[in-house]
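In terms of this note's numbering, the sequence shown opens at residue 81 and continues consecutively.
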Amino acid sequence: MYKKCQRGLTLIELLLVLALIGLVLAAGWNLFAVAQKAWDSFQTRQEAEAAVRLVSQVINNEINYASFLEIRKAADNWQTSELREHDRMILGNDTGDIITLREYDGSGYVDTTIVQTEKSTLELSFSKPADNSGAYLDNMLSYKITARHKNQNGEDEDGDGIPEKAEIFSTQSSITISNMISGLGFPISNKSLYSQSSNCTPGERILYRTTFDRYTPSAPGSDFTCGL
Numbered sequence: 081m082y083k084k085c086q087r088g089l090t091l092i093e094l095l096l097v098l099a100l101i102g103l104v105l106a107a108g109w110n111l112f113a114v115a116q117k118a119w120d121s122f123q124t125r126q127e128a129e130a131a132v133r134l135v136s137q138v139i140n141n142e143i144n145y146a147s148f149l150e151i152r153k154a155a156d157n158w159q160t161s162e163l164r165e166h167d168r169m170i171l172g173n174d175t176g177d178i179i180t181l182r183e184y185d186g187s188g189y190v191d192t193t194i195v196q197t198e199k200s201t202l203e204l205s206f207s208k209p210a211d212n213s214g215a216y217l218d219n220m221l222s223y224k225i226t227a228r229h230k231n232q233n234g235e236d237e238d239g240d241g242i243p244e245k246a247e248i249f250s251t252q253s254s255i256t257i258s259n260m261i262s263g264l265g266f267p268i269s270n271k272s273l274y275s276q277s278s279n280c281t282p283g284e285r286i287l288y289r290t291t292f293d294r295y296t297p298s299a300p301g302s303d304f305t306c307g308l
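What follows is the structure, given as structure tokens:
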């Protein structure tokens with residue numbers, strides 16, 4: 081038997097329920113947006129740190145064998161007439177999302193991508209370090225690798241009135257080039273930072289070469305007895 085006093089929701093009650101649901105949904109959406117932003121920031125930093133460390137490792141491994149080294153700015157790129165077969169270069173592209181290991185094979189370039197980024201850009205800076213007396217060291221290379229946000233401005237670092245993109249992560253180091261050959265390892269060019277002690281503005285790319293064959297160990301013979 082049905083009760084005669086049963087009634088439904090009034091319009092005011094329905095509006096109150098809808099308002100409460102809207103508040104819950106809005107709070108949930110804001111929480112999701114904050115979490116999504118934090119996740120994107122985490123992914124961006126993870127990519128930037130991994131890319132910087134990988135490029136640093138490649139630079140150290142490659143330059144360790146150099147007997148000739150030259151630093152130039154992007155505007156003073158090498159012409160093919162200046163190159164020898166098997167010369168190698170490390171440089172970034174114009175948009176800053178690819179760092180390339182480039183080798184000259186005698187007729188053209190063979191490019192190998194060291195790293196390609198999606199959420200950040202990379203900057204390379206190479207220079208000659210100086211000792212305590214201010215003299216520049218010809219058998220050393222200093223470098224800095226900087227990862228930056230693509231769309232987030234930071235400080236005006238160079239004083240030109242235009243802020244650079246915000247820095248995410250960077251590393252700076254110096255390498256002693258043990259195989260640099262005196263009289264051969266220093267280029268003669270007014271474009272190179274290794275030509276004149278007065279030309280010490282950092283450059284964005286390096287060229288290097290080796291004048292010896294790398295040692296490749298081979299397996300011992302079948303009669304090898306480990307000295308026993």
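Glycine included, C-beta positions come from ideal geometry on N, C-alpha and C.
Practice problem: Let me know the secondary structure DSSP gives E183 once reduced to three states. | Solution: Here residue 183 is taken as the residue at index 103 of the sequence shown, counted from 1. Reduced to three states, the DSSP call for E183 is strand.
Quiz item: Are the segment 124 to 140 and the segment 234 to 244 touching, with three or more C-beta to C-beta distances below 8 angstroms?
Solution: no
Exercise. Could you give the DSSP three-state label for Q163: helix, strand or coil?
Key: What you label residue 163 is simply residue 83 of the sequence shown in a count that begins at 1. It should be noted that the sequence gives Leu, not Gln, for residue 163. Here L163 sits in coil by DSSP.
Quiz item: For the candidate residues I225, E247 and V97, whose alpha-carbon lies nearest to that of N233?
Solution: For this step, residue 233 is matched to residue 153 along the sequence shown. It is E247 whose Cα lies nearest to the Cα of N233.
Quiz item: Would you call L98 buried or exposed, if buried means 16 or more other Cβ atoms sit within 10 Å of its Cβ?
Solution: The residue you call residue 98 lines up with position 18 of the sequence shown. L98 comes out exposed.
Exercise. Please check the pair I255 and I143, which I expect to be a contact at CB under 8 angstroms, by giving their CB distance rounded to whole angstroms.
Key: By one-based count along the sequence shown, residue 255 stands at place 175. By one-based count along the sequence shown, residue 143 stands at place 63. Confirmed, Cβ separation roughly 5 angstroms.
Quiz item: Considering only residues of the same chain and omitting the five flanking positions on each side of L308, which have a CB-CB separation below 8 angstroms?
Solution: Taking the first residue of the sequence shown as 1, we reach residue 308 at position 228. Note that L308 scores 45 on pLDDT, short of 50, meaning its location in the model is unreliable; the coordinates nonetheless yield the value given after this. Contacts found: none.
Exercise. Enumerate, from N- to C-terminal direction, the unbroken alpha helix (DSSP H) stretches of 4 or more residues contained entirely within the segment 87 to 154.
Key: 91 to 143
Exercise. Can you grab the Cα-Cα spacing for the pair A131 / N173, in whole Å?
Key: The residue labelled residue 131 in the question sits at position 51 within the sequence shown. The residue labelled residue 173 in the question sits at position 93 within the sequence shown. Answer to the nearest angstrom: the Cα atoms are 15 angstroms apart.
Quiz item: What's the C-alpha gap between H229 and E93?
Solution: Counted from its first residue, the sequence shown places residue 229 at position 149. Counted from its first residue, the sequence shown places residue 93 at position 13. If I take the Cα positions, the gap works out to 49 angstroms.
Practice problem: Have a look at R168 and K245 and give me their C-alpha separation to the nearest angstrom. | Solution: Translated into the one-based positions of the sequence shown, residue 168 becomes position 88. Translated into the one-based positions of the sequence shown, residue 245 becomes position 165. Cα to Cα, the separation comes out at about 29 angstroms.
Quiz item: Can you tell me the Cα-Cα spacing of D211 and L217, whole angstroms?
Solution: Within the sequence shown, numbered from 1, the residue matching residue 211 stands at position 131. Within the sequence shown, numbered from 1, the residue matching residue 217 stands at position 137. Looking at the two C-alpha atoms, the distance is approximately 7 angstroms.
Quiz item: Per DSSP, Q196 is paired with what?
Solution: The count along the sequence shown starts at 1 and reaches residue 196 at position 116. Paired residues: I178.
Quiz prompt | From T175, P282 and L171, residue whose alpha carbon lies closest to that of I139 | solution = Taking the first residue of the sequence shown as 1, we reach residue 139 at position 59. With distances taken between Cα atoms, I139 lies closest to L171.
Quiz item: Considering T226, what are the terminal residues of the beta strand (DSSP E) in which it resides?
Solution: Here the question's residue 226 lines up with position 146 in the sequence shown. Here the beta strand (DSSP E) through T226 covers M220 to N233.
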